[in-house]
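**Student:** Sharing a structure with you now.
There are 2 protein chains.
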Amino acid sequence: MKKNIIIGQSGGPTAVINASLWGIIEEGLSRREEIGAIYGMVYGIEGFLSGRCMDLSAAFSPEDLALLKYTPGAYLGSCRHKLPSNMDSPAYSLLFEKLEAMDIGAFFYIGGNDSMDTVEKLSRCGALRRSPISFIGVPKTIDNDLPVTDHTPGYGSAAKYVASTVREIVLDASVYQQPSITLVELMGRHAGWVTAASALARKFPGDNPLLIYLPEFPFSVERLFADVEKALAKTPNLVICVSEGIKDSAGKFICEYASEAQTDTFGHKMLTGCAKILEGYLKNHFGVKVRSVELNVNQRCSGQLASLCDIEEAAEAGRFALKCALDGATGKMVTLNRLPGSEYRMVPGLAEAAAVCNKEKTFPAQWITPDGCDIRPEFISYALPLIQGEPPRAAENGLPRYIYRRS
Amino acid sequence: MKKNIIIGQSGGPTAVINASLWGIIEEGLSRREEIGAIYGMVYGIEGFLSGRCMDLSAAFSPEDLALLKYTPGAYLGSCRHKLPSNMDSPAYSLLFEKLEAMDIGAFFYIGGNDSMDTVEKLSRCGALRRSPISFIGVPKTIDNDLPVTDHTPGYGSAAKYVASTVREIVLDASVYQQPSITLVELMGRHAGWVTAASALARKFPGDNPLLIYLPEFPFSVERLFADVEKALAKTPNLVICVSEGIKDSAGKFICEYASEAQTDTFGHKMLTGCAKILEGYLKNHFGVKVRSVELNVNQRCSGQLASLCDIEEAAEAGRFALKCALDGATGKMVTLNRLPGSEYRMVPGLAEAAAVCNKEKTFPAQWITPDGCDIRPEFISYALPLIQGEPPRAAENGLPRYIYRRS
């Protein structure tokens with residue numbers, strides 16, 4: 000008997016969340032004897048609860064479907080919606096009624112640890128209701144902070160964007176002979192994975208960025224001054240990469256240091272990045288030109304600088320999710336497992352969604368140098384395979400061609 | 000008799016300032032019967048005055064020379080150094096002694112309008128001294144604000160970067176169903192050319208960015224509120240592009256609006272971008288999620304998203320400069336002239352450096368819509384040819400391979 004399937008995207012978008020969507024659709028279309036309609040939740044579980052849904056089976060021309068694989072963002076739209084803890088909540092009755100009315104056999108949710116919470120709750124509720132529906136999670140997050148899996152789809156592209164862009168900022172920062180400091184602020188409120196990728200930007204040993212600070216190591220302005228003094232003796236044009244989430248030994252975020260002093264014209268506290276705050280400290284202490292750059296959302300939405308390895312793995316995670324659902328798995332998340340050996344090889348696997356949801360995998364302490372201002376070579380070996388390869392360029396009028404939902 | 004030549008780069012770097020350097024070197028190497036040594040000033044005229052110079056004739060392997068063409072930044076290093084107005088200044092005696100000692104026949108300066116001031120002064124001083132040296136300027140600036148020339152090398156790549164990136168930010172900003180406003184701040188303190196390029200980002204008529212504000216049209220927060228109210232009725236996820244240099248009808252920069260209220264922990268005024276300031280205004284007025292993104296230096300240093308048309312024109316401007324110098328021209332700047340007709344064709348020409356230096360070409364008022372919040376189609380026709388084509392990707396370990404000077 001044919002199963003209808005439904006797919007949702009949740010949480011912040013990445014460069015490859017659509018590649019996973021593509022993987023599920025592509026695999027579904029190639030198994031027409033087993034798969035009936037392929038539905039998409041518009042705006043995730045939140046949109047689905049309010050009746051937003053679309054038929055993906057016939058939504059794409061072959062050319063459009065190919066574009067989907069390389070289009071950043073979340074084609075279906077996304078949400079940040081937490082399902083209730085109480086399994087008796089009417090939200091679950093509504094959800095299962097809808098799923099049953101649509102004759103859904105498998106439910107796929109592409110997202111981070113909050114989304115795995117949704118998968119875990121739905122599969123638990125499904126078991127209570129003796130529902131035959133498979134609930135499978137497909138991981139995505141640029142933060143790379145999910146446990147169990149070697150890495151998350153989305154991380155390789157963010158890492159490649161950060162490394163490429165920091166390499167270019169280093170070139171830009173090095174043109175004048177006058178001493179200068181450039182601070183680059185990178186994403187990762189609780190985990191330093193994205194910021195650590197800036198170490199890949201170096202063209203030769205001893206190249207900028209000379210200093211890299213992650214949230215996993217207590218930050219101190221005094222130590223920063225000492226580190227910068229040493230670094231300025233090596234290069235007149237210093238580039239420093241900092242994670243947005245660096246905090247001091249008391250656990251206070253550096254980005255909160257100046258919040259008393261900074262209010263907008265309405266008296267509201269201004270949300271200032273830590274790089275902007277450190278810019279002031281460094282200017283005051285060293286008296287040289289200091290600039291801060293915040294790479295911002297481009298870290299997660301740059302399709303042009305995405306990693307082909309990441310795109311292919313995200314697609315494979317989607318395909319594998321469908322295969323596992325057809326085999327009857329539920330309450331699971333797809334994982335990426337690195338095989339031992341010098342050549343990089345990855346095979347997909349499954350983990351309990353319960354083992355992932357609401358947990359965070361931070362950057363390993365042993366991959367940070369003892370002085371807390373650099374990354375060890377073990378990380379380079381770990382990350383390099385993940386940033387390999389460039390996606391094909393689909394251009395129209397000199398700009399990247401992307402697919403989008405019109406509604 | 001063979002001439003030695005010398006080349007300098009000056010002002011802020013762009014994605015293609017090295018393509019012009021490549022053009023001069025490439026043309027010089029192909030004319031070994033006329034050209035002797037090819038020197039580079041390290042850190043522009045400022046570095047040259049203090050004795051910093053390198054021999055470019057034999058500095059590159061063929062592979063490295065090819066990389067130079069596609070490497071962003073200023074390979075030779077740059078400076079912001081204004082020569083004195085008084086032609087009797089000892090700086091000129093020193094400069095001409097150095098040039099004569101090196102047997103220089105032609106001097107090339109790749110830069111913006113300040114650099115053309117250097118070319119103009121040196122050629123005027125050369126005439127007073129009856130020097131046979133040719134002084135030729137090669138234009139570059141992402142700002143596109145030089146008069147006489149149709150556009151400047153560097154602009155096409157900045158425009159392509161802005162259009163590609165804003166297109167991706169629009170995808171990123173559109174994933175949630177909750178209303179939101181995203182402000183993108185773009186470069187151009189006095190001219191709106193770079194910001195106007197965000198209009199190219201639209202995938203279909205009526206797509207974001209729905210509102211675009213340039214410095215050439217007086218900005219008003221009240222009008223912004225009215226514009227945003229109308230735009231939010233069309234889309235829940237509004238993207239607005241603003242130039243860093245927008246100012247009100249009294250001529251006050253919007254980025255100066257909140258400077259009294261914002262001080263860092265040392266009591267210094269914080270330099271905040273106008274998007275950050277408008278973020279506060281819009282949050283307060285509309286009560287929706289507002290985010291601001293500053294594209295920052297990536298606009299001028301992204302080699303990955305550069306325009307091939309721009310790179311080739313920058314290289315051609317370099318080659319043409321050398322040809323003109325050999326023909327005896329001096330005190331000139333290379334211009335790019337667009338030929339009439341529906342197909343885009345550009346031919347290089349020459350203008351007096353004096354006609355360019357210290358002058359600015361702002362964005363044409365007639366290309367801004369009467370309500371001041373959008374760009375007219377005439378600009379799209381003007382700009383589209385300039386962003387065409389992608390440079391080849393030279394990758395090493397998954398990252399762009401760039402050449403750099405080691406010293």
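In order, the protein sequence lines correspond to chains A and B.
Numbering follows numbering that gives the first Met the number 0, in which position 45 of the first sequence is assigned residue number 44; successive positions increment by one, without gaps.
Numbering follows numbering that gives the first Met the number 0, in which position 155 of the second sequence is assigned residue number 154; successive positions increment by one, without gaps.
Idealized CB from N, CA, C, for every residue including glycine.
Bear in mind that the values here come from a model prediction, so they are computed numbers and not experimental data.
1) Identify the contact partners of residue 394 (chain B) in chain A, using a Cβ-Cβ distance below 8 Å as the criterion.
2) Residues of chain B with CB closer than 9 Å to the CB of residue 78 (chain A), please, in chain order.
3) Touch check for the region 83-92 of chain A and the region 310-324 of chain A: three-plus C-beta pairs under 8 Å?
4) Are any of the Cβ atoms in chain B nearer than 9 Å to that of residue 331 (chain A)?
5) Is residue 15 (chain A) close to chain B, meaning its C-beta is less than 9 Å from at least one C-beta of that chain?
6) Using a Cβ distance threshold of 8 Å, determine whether the region 172-187 of chain B contacts the region 330-350 of chain B, with at least three qualifying pairs required.
7) Label residue 338 (chain B) either buried or exposed according to how many other C-beta atoms from any shown protein chain fall within 10 Å of its C-beta, with 16 as the threshold for buried.
8) So which residues of chain B does residue 295 (chain A) contact, with C-beta pairs closer than 7 Å?
9) Give the list of continuous beta strand (DSSP E) stretches no shorter than 3 residues that lie fully inside the region 43-93 of chain B.
10) Step through the CB atoms of chain B and report whether any lies within less than 9 Å of the CB of residue 8 (chain A).
11) If you run the structure through DSSP and keep just helix, strand and coil, what is residue 137 (chain B)?
12) Note down the Cα distance separating residue 382 (chain B) from residue 315 (chain B), rounded to an integer number of angstroms.
13) Use the C-beta contact count for residue 177 (chain A): other C-beta atoms within 10 angstroms, 16 or more gives buried, fewer gives exposed.
14) Between which residues of its own chain and residue 118 (chain B) is the CB-CB distance below 6 Å, once the five residues before and five after are set aside?
15) Spatial neighbours of residue 391 (chain B) within its chain, please: CB distance less than 8 Å, with the 5 preceding and 5 following residues excluded, ordered by chain position.
16) Taking the DSSP output, what are the residues bridged to residue 349 (chain A)?
17) Residue 291 (chain A) bridges to which residues according to DSSP?
18) Can you grab the Cα-Cα spacing for the pair residue 331 (chain B) / residue 201 (chain A), in whole Å?
19) Within 10 Å of its beta-carbon, does residue 138 (chain B) have 16 or more other beta-carbons around it, so buried, or fewer, so exposed?
20) State yes or no: is the beta carbon of residue 113 (chain A) nearer than 9 Å to at least one beta carbon in chain B?
21) Are any of the Cβ atoms in chain B nearer than 9 Å to that of residue 163 (chain A)?
22) Quick one: list the residues of chain B neighbouring residue 365 (chain A), beta-carbon separation under 7 Å, in chain order.
23) Excluding five sequence neighbours on each side, which residues of the same chain lie with their C-beta closer than 6 Å to the C-beta of residue 169 (chain B)?
24) So the beta strand (DSSP E) residue 118 (chain B) belongs to, where does it begin and stop?
25) Please classify residue 295 (chain B): is it buried, with 16 or more other beta-carbons within 10 angstroms of its beta-carbon, or exposed?
26) So the alpha helix (DSSP H) residue 237 (chain A) belongs to, where does it begin and stop?
27) Residue 154 (chain A) versus chain B: which residues are under 9 Å apart at the beta carbon?
28) Is the CB-CB distance between residue 53 (chain B) and residue 39 (chain B) below 9 Å?
29) Give me the chain A residues within the contact set of residue 171 (chain B), using Cβ-Cβ distance strictly less than 8 Å, ordered along the chain.
30) So the alpha helix (DSSP H) residue 403 (chain A) belongs to, where does it begin and stop?
31) Excluding the five sequence neighbours on either side, which residues of its own chain have a C-beta within less than 7 Å of the C-beta of residue 155 (chain A), listed in chain order?
32) Which chain B residues sit within Cβ distance under 8 Å of residue 38 (chain A)?
33) Can you give me the Cβ contacts of residue 349 (chain A) inside the same chain, cut-off strictly under 8 Å, excluding the 5 residues immediately before and after it?
34) For residue 343 (chain B), which three-state DSSP category applies?
35) Can you pull out the residues from the region 36-69 of chain B whose beta carbon lies closer than 7 Å to at least one beta carbon of chain A?
36) Cα-Cα, which of B:91, B:41, B:190 is closest to residue 366 (chain B)?
**Tutor:** Let's see:
1) Stepping through the second sequence from its first residue, residue 394 (chain B) is reached at position 395. By Cβ distance, chain A contributes 389.
2) The sequence position of residue 78 (chain A) within the first sequence is 79, counting from 1. Ordered by position in chain B, the residues that pass the 9 Å Cβ test against residue 78 (chain A) are 174, 175, 176, 177.
3) no
4) Translated into positions along the first sequence, residue 331 (chain A) becomes position 332. For residue 331 (chain A), the answer is no, since every Cβ of chain B falls outside 9 Å of its Cβ.
5) Working through the first sequence from its first residue, we reach residue 15 (chain A) at position 16. No - not a single Cβ of chain B is within 9 Å of the one on residue 15 (chain A).
6) no
7) The residue labelled residue 338 (chain B) in the question sits at position 339 within the second sequence. Flag for residue 338 (chain B) reads exposed.
8) In the first sequence, counting from the first residue as 1, residue 295 (chain A) sits at position 296. Those within 7 Å of residue 295 (chain A) in chain B are 292.
9) 52-54
10) The residue you call residue 8 (chain A) lines up with position 9 of the first sequence. It does; some Cβ of chain B falls within 9 Å.
11) Taking the first residue of the second sequence as 1, we reach residue 137 (chain B) at position 138. Residue state, collapsed to three classes: strand.
12) Against the second sequence, residue 382 (chain B) aligns to sequence position 383. Against the second sequence, residue 315 (chain B) aligns to sequence position 316. So the alpha carbons of these two residues sit roughly 19 Å apart.
13) Reading the first sequence from its first residue, position 178 is the one you call residue 177 (chain A). By the 10 Å Cβ count, residue 177 (chain A) comes out exposed.
14) Looking up residue 118 (chain B) in the second sequence gives position 119. Here the set comprises 108, 134, 136, 352.
15) Here residue 391 (chain B) refers to the residue found at position 392 of the second sequence. Within the same chain, residue 391 (chain B) has close Cβ partners 69.
16) Taking the first sequence and counting its residues from 1, one reaches residue 349 (chain A) at position 350. Beta-bridge pairing links residue 349 (chain A) to A:333.
17) Mapped onto the first sequence, residue 291 (chain A) falls at position 292. According to DSSP, residue 291 (chain A) bridges with A:182.
18) For the purposes of this step, residue 331 (chain B) is taken as the residue at position 332 of the second sequence. For the purposes of this step, residue 201 (chain A) is taken as the residue at position 202 of the first sequence. For residue 331 (chain B) and residue 201 (chain A), the distance between alpha carbons rounds to 39 Å.
19) Position 139 of the second sequence, counting from 1, holds the residue named residue 138 (chain B). So residue 138 (chain B) counts as buried.
20) The count along the first sequence starts at 1 and reaches residue 113 (chain A) at position 114. So, not an interface residue.
21) Here residue 163 (chain A) corresponds to residue number 164 of the first sequence, with the count starting at 1. So yes, residue 163 (chain A) belongs to the interface.
22) For this step, residue 365 (chain A) is matched to residue 366 along the first sequence. Per Cβ cutoff of 7 Å: no residues; residue 365 (chain A) is ~23 Å from chain B at best.
23) To locate residue 169 (chain B), count along the second sequence from 1; it is residue 170. 207, 238.
24) Counting from one through the second sequence, the residue named residue 118 (chain B) turns up at place 119. No beta strand (DSSP E) contains residue 118 (chain B), which is instead part of the alpha helix (DSSP H) from 112-127.
25) Sequence index remark: in the second sequence, residue 295 (chain B) carries index 296 (1-based). It counts as buried.
26) Position 238 of the first sequence, counted from the start, is the residue given in the question as residue 237 (chain A). Run containing residue 237 (chain A): none in the alpha helix (DSSP H); it sits in the beta strand (DSSP E), 236-242.
27) By one-based count along the first sequence, residue 154 (chain A) stands at place 155. Simply none; closest approach about 13 Å.
28) For the purposes of this step, residue 53 (chain B) is taken as residue 54 along the second sequence, with counting starting at 1. For the purposes of this step, residue 39 (chain B) is taken as residue 40 along the second sequence, with counting starting at 1. Yes, these two residues count as a Cβ contact at 9 Å.
29) Here residue 171 (chain B) refers to the residue found at position 172 of the second sequence. Here the neighbours are 12, 71, 72, 296, 299, 300.
30) In the first sequence, residue 403 (chain A) corresponds to position 404, counting from 1. Unbroken run through residue 403 (chain A): none, as it is neither H nor E.
31) Position 156 of the first sequence, counted from the start, is the residue given in the question as residue 155 (chain A). Excluding positions up to five away in sequence, the list reads 306, 308, 309, 385, 386.
32) Along the first sequence, one-based indexing puts residue 38 (chain A) at 39. Here the premise fails: no neighbours, minimum Cβ distance about 18 Å.
33) The residue given as residue 349 (chain A) occupies position 350 in the first sequence. Only 323, 328, 331, 332, 333, 334 meet the Cβ criterion.
34) Along the second sequence, read from residue 1 onward, the residue named residue 343 (chain B) stands at position 344. Note: residue 343 (chain B) maps to coil in three-state DSSP.
35) 42, 46
36) Residue 366 (chain B) sits at position 367 when you count from the first residue of the second sequence. For residue 366 (chain B), the nearest C-alpha among the options comes from B:190.
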